[in-house]
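Input: a single structure, listed below in structure tokens.
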Amino acid sequence: MTGFAFALFYVVVGIPIARWADVGNRRNIVSLALVVWSGMTAVSGLAQNYTQLLLARIGVGVGEAGASPPSHSMISDYYAPEERGAAMSIYSMGLYIGILVGLLLGGWLADKIGWRMAFFAVGLPGILMAVVVRLTLKEPPRGGTGMVSDPSAGQGYTFKETLSYLWGSKAFRNASFAAGFCAFAGYSSLTFIPSFLIRSHAMSVSEVGVALGLIIGVSGVIGALSGGFLADKLGKNDMRWYMWVPGIGVLISLPFSLLALTLESLNAVLVCIFIGNVFMSCYLGPTIAIAHHLVKPSMRATTSAILFFILNIVGLGCGPVVTGMISDYLAPEYGTESLRYALMFSCLVILIAVVQYLRSGSALPKHDDERRGADA
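In the numbering used here, the protein residues as written are 99 to 474.
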């Protein structure tokens, strides 16, 4: 499942699980999600036809949708507000580690042991990790790291109340769509840059897999960690930096992304992709951190689910689809170069994200002793 199908499935499954996580034991929910996610990944290797594989992939989606919202909520209760940017970024860098391992080892595993055993090889260890999570993690008290005591920490809220609380926050509205437009550019690039490198720079499929696996994986980890730690450092004195850091970071990424699409030298192109992705990868940790800062402790899992629904609708749902449509529209006149221009368009969408991050920052107070919803 990709695009709108994934985003719609995420909201159907992810938000109810997040609602559960806001009132239930989050450690157990994360552990269960890992079992489902990993188990259904392994089951994919047993599929005998398209329908069976689709059902297995749906199971993977259920587990994936149920993992991050309760994890984010626990992280916010493990770490103080001034540490959450880094903590969320460390969690988020798993995405880039996954890309690194997947692109480098996925094809090799399938070639060595077959695609069915490859599913088992990557799925079964996750079940062991679920046991580790269940036995070693402690369920933290809700709101336990807040700088100001919050008597509503254990109070439950309806979905309507949570959505109204969030939508009344100018900071959250702008931050969530800023993240969505960053994802628009990111998912478009991840989908079509391999084809661009093959068409315009004569790289082979295997060369693209190795090069992009290393570039996106390593640069993504560097960018994610740098963005989180820098936002925490600057945000101690002025919390608006939690939005300004990603806004400035993704803006710096833009010229490098455009250069990667225009330079003739392959080595220069790959260097620009690396540098651009370092800055492009800085946004997610600070965005999640500020979203959790704005809401009540028992709204945090649902807040993450809503944030990621918007991110997936705008980013995954629209990004690759719109970029592909533009490429097809330009193809009769520009031929194989149409993809270059379509990707340039997807890069320019970053400018919308920059404006929204700056607007989100302007809606935040300079100092906020964990008073959530101050701009509501």
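Ideal placement from N, C-alpha and C gives every residue a C-beta, glycine not left out. All values derive from a computational prediction rather than experimental measurement.
Residue i and residue j closer than 7 Å at C-beta
i	j	result
Phe270	Leu382	no
Ile371	Ala358	yes
Val158	Met186	no
Asn123	Glu259	no
Gly347	Tyr340	no
Phe275	Val447	no
Ala228	Val133	yes
Leu152	Phe290	no
Ser190	Ala322	yes
Tyr108	Asn335	no
Ala184	Gly326	yes
Thr401	Ala387	no
Local conformation of residue i per DSSP, three classes
i	result
Val121	coil
Tyr146	First, the amino acid is wrong: residue 146 is Gln here, not Tyr. Note: Gln146 maps to coil in three-state DSSP.
Met191	coil
Glu237	coil
Ala178	coil
Gly224	helix
Asp336	coil
His390	helix
Gly112	helix
Ala472	Confidence in Ala472 is poor, its pLDDT being 39 and thus under 50, which makes the residue's placement unreliable; the coordinate value appears in the next sentence. In the structure shown, Ala472 sits in coil (DSSP, three-state: anything other than H, G, I, E or B).
Ser304	helix
Pro430	helix
Cβ shell of residue i (< 7 Å), same chain only, five flanking positions each side left out
i	result
Val306	Pro292, Leu295, Ile296
Val128	Ala165, Pro168, Ser169, Val231
Gly311	Ile197, Leu198, Leu201, Leu202
Tyr432	Tyr439
Cys416	Phe282
Tyr285	Gly413, Leu414, Gly417, Pro418
Lys210	none
Euclidean distance between Cα positions of residue i and residue j
i	j	result
Pro223	Ile424	41 Å
Val376	Ser396	33 Å
His465	Arg155	45 Å
Ala277	Val319	17 Å
Pro384	Ser460	15 Å
Pro239	Tyr176	9 Å
Ala145	Gly112	25 Å
Leu441	Ala403	28 Å
Ile408	Lys268	15 Å
Leu352	Cys445	7 Å
Phe406	Val453	20 Å
Leu233	Tyr148	37 Å
Gly374	Glu362	17 Å
Val303	Arg214	21 Å
Thr421	Met301	21 Å
Gly192	Ala131	16 Å
Pro114	Leu235	23 Å
Phe257	Thr360	47 Å
Leu288	Phe443	14 Å
Same chain, Cβ closer than 6 Å to residue i, five either side skipped, listed in chain order
i	result
Ala57	The question about residue 57 has no answer here: the residues shown for the chain are numbered 99 through 474.
Phe218	Ala140, Gly143
Ile450	Phe279
Ser355	Gly374, Cys445
Leu428	Ser436, Tyr439
Thr434	Arg297
Top-ranked residue by Cα proximity to residue i, from the options
i	options	result
Met337	Asp209, Leu462, Leu368, Leu361	Leu462
Asn126	Lys331, Gly161, Asp426, Ser436	Gly161
Leu226	Pro430, Asp426, Gln150, Ser136	Ser136
Gly345	Ile313, Met378, Asp330, Leu356	Met378
Ala366	Val303, Arg457, Tyr194, Ala309	Ala309
Ile195	Leu328, Ser317, Tyr427, Ala429	Ser317
His299	Gly212, Pro179, Leu368, Phe443	Leu368
Ala329	Ile211, Arg182, Ser444, Leu261	Arg182
Cys380	Leu364, Leu233, Leu356, Trp342	Trp342
Gly242	Gly221, Pro179, Phe257	Pro179
Ser458	Asp426, Trp265, Pro430, Gln150	Trp265
Sequence-distant residues of its chain with Cβ nearer than 8 Å to residue i (five each side left out)
i	result
Ala216	Gly143, Gly204, Leu207, Ala208
Leu456	Met341, Trp342, Gly345
Residue i at chain D interface by Cβ criterion, 7 Å
i	result
Gly311	Absent from the structure is chain D; it holds one protein chain and no more.
Residue i: CB within 6 Å of a non-hydrogen atom of the ligand GDP
i	result
Ile291	As for the ligand GDP, it is missing from this structure, which has no ligand bound.
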